[in-house]
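Residue numbers (our numbering): 1 to 293.
Ideal Cβ positions, reconstructed from N, Cα and C, are used throughout, including at glycine.
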């Protein structure tokens, strides 16, 4: 599958203070339309800093969605496991894959494979913001992660007071690669360059890119079943959990809340433009990235 043979599977423009397209990070400065309280800070423990030869990628990890996979990513990042590893498989209009120390698609870490986390149980304690409700399914966001879920009304009739939820493979979403078996994810992961809903509920989602989607899309394209995809693949130079970086190097990332009036205005405009074709994948979160030093 995505670890060894992915070949079988193969923002909108708004009147923002800083304009951007879907291929770029969207930024907005605090001002009359956006209160300081409308921003939420990504905790350093949940922020993965991926420095590549093409630039920096910042991924907000989602332990409430895939706790085992987030724990594994943190562990390997803290050991420096990912440093220098190639983006061994990059498919245009699809995704960029890495995390294999061999650079062939057949390697992994020395830790045991992970139990799949294709879905999770969503409860009232999760900050879920719905944006659409097609055919009895609730679509929305947990933080910046696009999520589909059973509707809240079902919580009253389930034994644990929760409902099934799963991440949506929109641009920037981070998934865990695996072999043919469901429980075979290990160290390899991929970042989506474009939406690909065929992956939903088949690969564990563990986070989403909040800054650097343009970097993901700039990675050198190459797709081969055996060996490195290119003689000179792009590489991750250093991967760290932001909380572990010295304070002067630690990025401070603030993402506009999906509950803010500004974001709800973006949502209304996008829904009006897209009509029946609307998807959470059509939305890009404004973000502010600064350093503490």
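For residue 38, no alpha helix (DSSP H) encloses it, and the DSSP letter there is neither H nor E. For residue 154, the closest C-alpha among the options 147, 206, 71 and 163 is that of 163. Per the coordinates, the alpha-carbon of residue 109 lies some 44 Å from the alpha-carbon of residue 268. The Cβ atoms of residue 58 and residue 210 lie closer than 7 Å to each other. The continuous stretches of alpha helix (DSSP H) do not include residue 88, and DSSP gives it neither H nor E. Short of 6 Å from the beta carbon of residue 188, and not among the five residues preceding or following it, lie these beta carbons of its own chain, in chain order: 3, 99, 100 and 177.
Of all alpha-carbon atoms in 120, 232 and 260, the one lying nearest the alpha-carbon of residue 200 is that of 120. For residue 51, the pairing in a beta bridge is given by DSSP as 56 and 238. Three or more Cβ pairs closer than 8 Å define a contact, and the region 268-283 falls short of that threshold against the region 74-85.
Around the beta carbon of residue 196, 16 or more other beta carbons lie within 10 angstroms, which makes this residue buried. Residue 190 has 97 and 175 as its beta-bridge partners, per DSSP. With fewer than 16 other CB atoms across the displayed protein chains lying within 10 angstroms of its CB, residue 111 is exposed. The continuous stretches of beta strand (DSSP E) do not include residue 248, and DSSP gives it neither H nor E.
Apart from sequence neighbours up to five positions away, the residues of its chain that approach residue 262 with a beta-carbon distance below 8 Å are 28, 33, 34, 38, 256 and 286, ordered along the chain. Of 184, 128, 68 and 169, the smallest CA-CA separation from residue 192 is found for 169.
Assigned with DSSP and collapsed to three states, residue 270 falls in helix.
Looking at the backbone, the Cα of residue 220 and that of residue 140 are separated by about 32 Å. When DSSP assignments are scanned along the region 133-183, the uninterrupted stretches of beta strand (DSSP E) that are 3 or more residues long and fall wholly within it turn out to be 138-142, 145-149, 163-167 and 173-176. The criterion of a C-beta distance shorter than 7 Å is satisfied by residue 174 and residue 206.
With 16 or more other Cβ atoms from the protein chains shown falling within 10 Å of its own Cβ, residue 117 counts as buried. Taking all protein chains shown into account, residue 66 has 16 or more neighbouring C-beta atoms within 10 Å of its C-beta and is therefore buried. In the same chain as residue 56, and ignoring 5 residues on each side of it, the C-beta atoms closer than 6 Å to its own belong to 212, in chain order.
Judged by beta-carbon spacing, residue 83 lies within the 7 Å limit of residue 238, meaning their Cβ atoms are closer than that value.
Judged by DSSP secondary structure, residue 70 falls within the alpha helix (DSSP H) whose first and last residues are 67-78. Here residue 215 is buried, its C-beta having at least 16 other C-beta atoms within 10 Å.
Rounded to whole angstroms, the gap between the alpha carbons of residue 104 and residue 36 is 46 Å. Residue 102 counts as exposed, since fewer than 16 other beta carbons sit within 10 angstroms of its beta carbon. For a cut-off of 8 Å, the C-beta gap from residue 129 to residue 259 is around 6 Å, short enough to register as a contact. Taking 7 Å as the cut-off, the beta carbon of residue 290 is found closer than this to the beta carbon of residue 252.
If you check the CB distance, residue 60 and residue 144 come in under 7 Å. Shown here, residue 197 sits in a helix according to DSSP, grouped into three states.
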